[in-house]
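Here's the structure, in structure tokens; my notes come after.
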Amino acid sequence: DTGVSQNPRHKITKRGQNVTFRCDPISEHNRLYWYRQTLGQGPEFLTYFQNEAQLEKSRLLSDRFSAERPKGSFSTLEIQRTEQGDSAMYLCASSFSSGASSYEQYFGPGTRLTVT
Amino acid sequence: SQKIEQNSEALNIQEGKTATLTCNYTNYSPAYLQWYRQDPGRGPVFLLLIRENEKEKRKERLKVTFDTTLKQSLFHITASQPADTATYLCALGNQAGTALIFGKGTTLSVSS
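So this is what it looks like as structure tokens:
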């Protein structure tokens, strides 16, 4: 088990371009979460999946953002028409939930997005 | 709206002392509370979880208390070491175990 991995680690893009990030969770984890973190702030929840179903989305997740988790394995987060305000660290986390729930979330190293 | 505050942005202590970090929250009834460590440029690393019906939990040099009446958690690192220098995040969770609500974090610096 190598933990949660995210790619790319860094992304620099021009305003208006689309970007896509990938997250590979811990293999036996059925829940996957996306958070966004800006400098000096704690992570802010964006969305989460249980298996392949997207069960919750934050109001922070504008219609320019879309996330998928096909087949309940890896997940992608796409940002369309990027804006400078999208510059942040995008964090992925995973956990295992079974009935009574297991609440610990394990985070990946993050993808640092810079929009110029 | 829900609000979570970590008492200070920065805490400086000497090696060997006990560091105590505070997490206060309002307008929320969490089912559990978690503490994470985050180093610069890296993702948070899970440290401890304490449930609403637990008063205290320990792991090696770490101790967490949870007072749901005061709406407060205290996080202690005993016999602190320079390697403990990092930002520590408090996070609240609901019964469903879905989204975590994070505080801004407290940056701990341990000097030798």
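Chains as they are written, first to last, in my numbering: chain H, 1023 to 1138; chain C, 63 to 174. Even glycine gets a Cβ: it sits at the ideal position worked out from N, Cα and C.
- Note on geometry: alpha-carbon atoms of C/E118 and C/C152 lie some 15 Å from one another.
- With a contact defined as Cβ atoms closer than 8 Å, C/Y94 and C/E67 miss out at about 18 Å.
- In this structure, H/S1080 keeps its C-beta atom at 8 Å or more from the C-beta atom of H/F1071.
- Nearest to H/G1130 by C-alpha distance, out of H/S1109, H/P1065, H/I1034, H/G1038, is H/P1065.
- Apart from sequence neighbours up to five positions away, the residues of its chain that approach C/Q157 with a beta-carbon distance below 8 Å are A93, ordered along the chain.
- The distance from the Cβ of H/G1132 to that of H/Q1028 is about 6 Å, consistent with a contact at the 8 Å cut-off.
- Counting along the chain, the unbroken beta strand (DSSP E) around H/D1046 starts and ends at 1041 to 1046.
- Within its own chain, the residues whose Cβ lies closer than 6 Å to the Cβ of C/L83, once the five positions on either side in sequence are excluded, are F137, Y150, T168, listed in chain order.
- In the DSSP assignment, H/Q1076 falls within the beta strand (DSSP E) that extends over 1075 to 1079.
- When CB distances to chain H are screened at a threshold of 9 Å, the residues of the region 94 to 120 of chain C falling below it are Y94, Q96, Y98, Q100, G103, R104, G105, P106, V107, F108, L111, R113, in chain order.
- Segment contact: the region 1037 to 1047 of chain H against the region 71 to 91 of chain C, fewer than three CB-CB distances shorter than 8 Å; contact not assigned.
- Linking H/I1101 to H/L1113 through their CA atoms gives a straight-line distance of about 14 Å.
- For the region 64 to 82 of chain C, no residue has a beta-carbon sitting nearer than 7 Å to a beta-carbon of chain H.
- For C/F128, there are no C-beta contacts with chain H under 8 Å, since the nearest C-beta of that chain is about 14 Å from it.
- G155, Q157, A158, G159, T160, A161, L162, I163, F164, G165, K166, G167: these are the residues of the region 154 to 168 of chain C whose beta carbon lies less than 8 Å from some beta carbon of chain H, given in chain order.
- Inter-residue distance for H/Q1127 and H/A1115 is about 6 Å (C-alpha atoms, whole angstroms).
- The beta carbon of H/S1088 is closer than 8 Å to those of L1099, E1100, Q1102 in its chain, skipping five residues each way along the sequence.
- Shown here, C/A145 sits in a helix according to DSSP, grouped into three states.
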